[in-house]
Amino acid sequence: MQQDSNKKKGKGYRVRPAFARERLNGRTRRVCSILGLAAVVLASAVVVHSLYVIQIRDGAKYRQYAAQQQLLDTTVKATRGEIYDANGITLASTSVVWNIWADPSYSSILYTTSTNDDKTTVRTFDPTMCAEVSQGITLRLLSGESLDAVDTSSEEYTQQYQTVYDALSKIDSSYVVLATKVNNAVKLSIEDYVSGFNKAHKKGSGADRIGRVSVSTEKSSQRNYPYGAFAAAVLGFTDGEGVGTYGLEKSYQSTLAGVDGRTITRRNAVGNAIADQNATTFAAKDGSNLVLSLDVNVQEIVERYLTEAVAANNVENRGCAIVMNVKTGAILAMASKPDFDPNTPLDYSANLAYLQEQVAAEPELYTIYLRDENDPKKFKLDENGNKIVDPDPDYTGTYRDILWKNKAITELYYPGSVFKVITSAMGLDSGVATMNTTFTCAGAYGVAKQTYHCAGHKAHGTINMADALRQSCNLYYIQLGQRVGSQQFYNYFDAFGFTERTGVDLPSETGLMKYYSANQLGEVQLASSAFGQAMAITPLQMCTAVAAAVNGGYLVTPHVVDKITDTNGNVVEEIGTNIRRQVISESTSDVIRQMMEYEVGNGTGGGKNAYVSGYRIGGKSGTSEQLNMHRRADGDYKKVASFAAVLPADDPEILVYVMLDDPNNARTDYSSILAAPVAGNIISEVAPYLGIATDGEDRS
23 MQQDSNKKKG KGYRVRPAFA RERLNGRTRR VCSILGLAAV VLASAVVVHS
73 LYVIQIRDGA KYRQYAAQQQ LLDTTVKATR GEIYDANGIT LASTSVVWNI
123 WADPSYSSIL YTTSTNDDKT TVRTFDPTMC AEVSQGITLR LLSGESLDAV
173 DTSSEEYTQQ YQTVYDALSK IDSSYVVLAT KVNNAVKLSI EDYVSGFNKA
223 HKKGSGADRI GRVSVSTEKS SQRNYPYGAF AAAVLGFTDG EGVGTYGLEK
273 SYQSTLAGVD GRTITRRNAV GNAIADQNAT TFAAKDGSNL VLSLDVNVQE
323 IVERYLTEAV AANNVENRGC AIVMNVKTGA ILAMASKPDF DPNTPLDYSA
373 NLAYLQEQVA AEPELYTIYL RDENDPKKFK LDENGNKIVD PDPDYTGTYR
423 DILWKNKAIT ELYYPGSVFK VITSAMGLDS GVATMNTTFT CAGAYGVAKQ
473 TYHCAGHKAH GTINMADALR QSCNLYYIQL GQRVGSQQFY NYFDAFGFTE
523 RTGVDLPSET GLMKYYSANQ LGEVQLASSA FGQAMAITPL QMCTAVAAAV
573 NGGYLVTPHV VDKITDTNGN VVEEIGTNIR RQVISESTSD VIRQMMEYEV
623 GNGTGGGKNA YVSGYRIGGK SGTSEQLNMH RRADGDYKKV ASFAAVLPAD
673 DPEILVYVML DDPNNARTDY SSILAAPVAG NIISEVAPYL GIATDGEDRS
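See below:
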């Protein structure tokens, strides 16, 4: 029986082991339980802390990250405002254009793929297929739909084809530009071509190669100036991003630009927008428009005669001209010639010969010197401490800067005898002289150690103020300036606005005028200042001062913009007249008008070449020396010829100002011969156009 019992236990029998807790003592079990509980608590704490950080502490940041991943924020570009002349003629506008770009890395038709032994994929460029695609795109870029009209042997085609081919050959790039600022017809032609090409090269279509080309378009804008190189210094231009860089485009940038809008919608995994009825759109606010006081007809007349004068008199350093309403400060025309085409502001090729001559003629202004490699702000010096001339200078920036400058407000000059109008006003208004006050001109006049002469060393004898202005007697005005005195002279000089900017609504007006303060006006400085040969001012400052001298004594702020309108044509802001102060009395102004008319007279005075039959015209010429420039080959100073005319002389409405900087006319230096006829020619067309009445009398 015992044997049978043992046999039963041996087959498939296993003694049951004791439970683990039965093998561990009580202390160990407690430690393990505590550690397990601690691990659970710690893990829970980590999870809770992470949830706190993500949802509460940094919740805003993570919600922002999520929104960036889930939402597509697209800018809605505002349309830039337009610029109109006084008659509503468009001078600057914005048109919708398109940029064409490609993704060569996604354009599988441009390459073949193979796999290396190490399982890496290699792309092999296919020049034949790239050439085919490049040709198809180039033909449409140059013609739109009229493919037969393209001359494939032309330089234009060759350049455009090479641009497209080089871009598409970058098969590892995801974004390359094929063309910019193309019109809508070209854009649609490109899209049709790409769509048809891809359809023809789908699998099973029978094409030799299977693949696709990825070409897309993006909306852009282009600033257009329909009249080209017209009022360029006033209008300015925009850069490649559409931001105003010069002229009104710059000074009214925020007004013209408007405010961009936004569209916020959901996007899919690859970043494309999903149709979403809950998309949020903040509409763009288009820019406002500028309506100028500038009149295209007056501007055309001014530019035509100024351009002729610059060419005829071989003017070295450009010329400028202004037509301004003397009572309101509204500028009807402002020109600097030669200038540039704001549609292509970087291109100076049309004036290259002129610019080269100007730079060569004025080395003191334009010479380029070598810079120190270690400190570009410093120049390299030779053993004598002199700057070293760059043997291979690049004048590209210099040429553009010359043409872009608005000469009327950015460059200084010595006004010369035109300033005698202001000195006359000082003497009359202060009460130290009348129109009949006489001084003697003996041909020479000594002040301290300086001896002064009149032009041509003429001796005018004993003359009154009206004859002194008509004959432009330097010595009379030196003596008048002495009677006015240094302090009073400076006070009037300041009141006429020569120590500050005019405030014109154009950018880059210089504030670096050169003049003497009251305590600096010694005998010689006062003498030279009295006839306009000691201070450097801008042409527009001279215009506003002359306007004040004849309009009743009121210094007005010149302006080019007359009003600002919204996209519907409603007036948002009207500029209006800004009278800064009254400088002289109306009675003094009346005497100045009489003397300026006497200067032009009936075609017999010093300003006779500005006379136009039937009109009462007042004026004054100025032939000044450029004291800050190297002398000419004949040893004399370079000259500036200018003339300021007002009409009608008894109650002036407009001022016409002409300045020719460094004319090289072989016959004469006198502004009465160089600048006065230009002013007269302008008046002969502008006055009838503006409806300025004649008195029917021919005084010539």
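Here the sequence shown is numbered in the numbering used here, starting from 23 and rising by one per residue.
Glycine included, C-beta positions come from ideal geometry on N, C-alpha and C.
Terminal residues of the beta strand (DSSP E) in which residue i lies
i, result
"D584", "V583 to T587"
"K203", "V198 to V204"
"K642", "G640 to E647"
"L312", "N311 to L314"
"S136", "Y133 to T137"
"M356", "I353 to K359"
"T445", "Segment K442 to S452 is the alpha helix (DSSP H) holding T445; no beta strand (DSSP E) there."
For residue j and residue i, the rounded distance between their alpha carbons
i, j, result
"V454", "A447", "11 angstroms"
"A222", "I122", "21 angstroms"
"A253", "A569", "22 angstroms"
"D361", "L425", "5 angstroms"
"S211", "R162", "6 angstroms"
"A334", "L696", "10 angstroms"
"G266", "D612", "43 angstroms"
"G725", "T418", "Residue 725 cannot be examined here, being either before or after the span of the chain that is shown, 23 to 722."
"V237", "I704", "54 angstroms"
"A709", "Y370", "34 angstroms"
"L169", "V668", "58 angstroms"
"R79", "V70", "12 angstroms"
"I105", "T587", "10 angstroms"
"A466", "K409", "41 angstroms"
"K31", "A67", "Unreliable placement is indicated for K31, whose pLDDT of 49 sits below 50; no coordinate value is reported for it."
"K225", "E240", "29 angstroms"
"E338", "L328", "13 angstroms"
"G158", "V172", "12 angstroms"
"Q510", "Y499", "15 angstroms"
"M557", "T260", "35 angstroms"
"R603", "V256", "26 angstroms"
Counted within 10 angstroms of its Cβ, other Cβ atoms place residue i as buried (16 or more) or exposed
i, result
"A60", "exposed"
"C152", "buried"
"R645", "Looking at the sequence shown, residue 645 is not Arg but Thr. Answer is buried; the Cβ neighbour count reaches 16."
"G258", "buried"
"R184", "Before going further, note that residue 184 is Gln rather than Arg in the sequence given. Q184 is exposed by the Cβ-count criterion."
"N347", "buried"
"H482", "buried"
"P248", "exposed"
"D684", "buried"
"F518", "buried"
"V62", "exposed"
"L354", "buried"
"Y512", "buried"
Neighbourhood of residue i by C-beta distance below 6 angstroms, restricted to the same chain and skipping five residues each side
i, result
"G103", "L278, G309, S310 and N311"
"E545", "V469 and A470"
"G351", "V578, T579, P580 and H581"
"Y128", "S236"
"L712", "none"
"V332", "G341 and K359"
Span of the alpha helix (DSSP H), counted from its first residue to its last, around residue i
i, result
"I159", "P149 to S165"
"Y376", "L374 to A383"
"M346", "It is not in any alpha helix (DSSP H) - M346 instead sits in the beta strand (DSSP E) that spans G341 to N347."
"G506", "Before going further, note that residue 506 is Val rather than Gly in the sequence given. Where V506 is concerned, the enclosing alpha helix (DSSP H) stretches over N496 to V506."
"T185", "E177 to L190"
"T50", "G48 to Y74"
Close Cβ partners of residue i (< 7 angstroms) along its chain, the five nearest in sequence each way excluded
i, result
"K399", "none"
"D451", "I606, S607 and T610"
"G702", "N631, A632, Y633 and V634"
"S439", "S494, F553, G554, K642, S643, G644 and T645"
"S195", "P126 and S127"
Spatial neighbours of residue i in its chain, beta-carbon cut-off 8 angstroms, leaving aside the 5 residues before and after
i, result
"M457", "L450, N486, M487, A488, V613, Q616 and M617"
"R638", "E619, L669, P670, A671, D672 and D717"
"N246", "A114, S115, T116, S117 and N365"
Fully enclosed by the segment 579-626, which alpha helix (DSSP H) runs are 4 residues long or longer?
-> 608-622
Whole alpha helix (DSSP H) elements within the segment 454-493, 4-residue minimum = 487-492
Where in the segment 666-722 do unbroken runs of the alpha helix (DSSP H), each at least 4 residues long, occur, reported from the N-terminal end onward?
-> 693-696 and 698-712
Enumerated in chain order, which unbroken segments of the alpha helix (DSSP H) with a length of 4 residues or greater are wholly contained in the segment 385-434?
-> 385-388, 418-426 and 429-432
What runs of the beta strand (DSSP E), each 3 residues or longer, lie entirely inside the segment 227-285?
-> 237-246 and 266-268
Every unbroken alpha helix (DSSP H) inside the segment 532-576 [4 residues or more] = 545-552 and 561-572
Whole beta strand (DSSP E) elements within the segment 95-126, 3-residue minimum | 112-124
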